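Just below is one structure, and these are the notes that go with it.
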Amino acid sequence: MEGAMLDMRLGNDKDIPFIMNLVREGITSGAFFYANGDGLETVKSELQAVTQKYSANIPVADYLFIFDEQLTRKPVGFALLTGRNNFAGLASHLEIRMFAVSADKQGKGIGKSMLNSIIEATPGHRLEASCLPPSTKMMGLLAGSGFTIINETQGGKKTYRLEG
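Taking our numbering, the leading residue of the sequence shown gets 9, the next gets one more, and so forth.
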């Protein structure tokens, strides 16, 4: 499946079960972390709010991208981006808050294709992503796509940036 053809689209409410399965896997692996016990419900509520705003054509600062395999039309990954403001309140960059590929599709170039699609879809925007220490695959993907480390915490969380 190297170089698989993907379609990128905005997510909808029917995608939430697929996304939540990937979020559960990410929490188990340590790639995603939520300080409170109801993290899954919080994520689900946030995703539902985003898809409801999409349906109602309400402008939103979040981009929920779903990546479907062209051949099967089935989702293989997702990314959640959020617009961020600087201290003056002006739009400064997009943050890749969540990024996941189905476990059975990992190691086949899907993540690289997804990230390239995001970069192409957001010209002129600075992109940032923070990775927890277990997210070694994502760190390699970001570094291999031109992102540079701009911050590393004592606990090992790394923030990467790609200038737009």
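Built from N, CA and C at the ideal position, the CB exists for glycine as well.
This one's a predicted model, so the numbers in the text were calculated from it and none came from an experiment.
Selected residue, minimal CA-CA separation from residue i, among the options
i    : options              : result
K166 : I66, F41, L140, G115 : L140
D112 : L135, L48, D70, P83  : P83
K120 : I66, S37, A137, G148 : G148
D70  : L135, T50, L102      : L102
D21  : G34, A108, S53       : S53
I157 : L170, G163, R134     : L170
D23  : R81, Q162, S37, L123 : R81
R134 : A151, F155, P25      : F155
D76  : A64, M106, S110      : S110
K145 : E160, Q162, L123     : L123
Cutoff 8 Å; reference residue i; Cβ partners in own chain excluding five residues on either side
i    : result
G19  : I27, L55, V58, T59, Y62, L72, F73, I74, F86
Y168 : E136, A137, S138, C139, M147, L150, A151, F155, T156, I157, I158
T161 : none
Contact under 7 Å by Cβ, residue i with residue j
i    : j    : result
M13  : Q114 : no
S138 : A39  : no
L89  : I66  : no
L48  : A108 : no
G132 : G164 : no
N153 : M16  : Just to set this straight, residue 153 is Ser in the shown sequence, not Asn. It is not a contact, given that the beta carbons lie outside the stated cut-off.
Neighbour-count burial assignment, residue i, 16 or more Cβ in a 10 Å radius
i    : result
G34  : buried
E128 : exposed
Same chain only: Cβ atoms within 7 Å of residue i, ignoring 5 sequence neighbours per side
i   : result
S37 : P142
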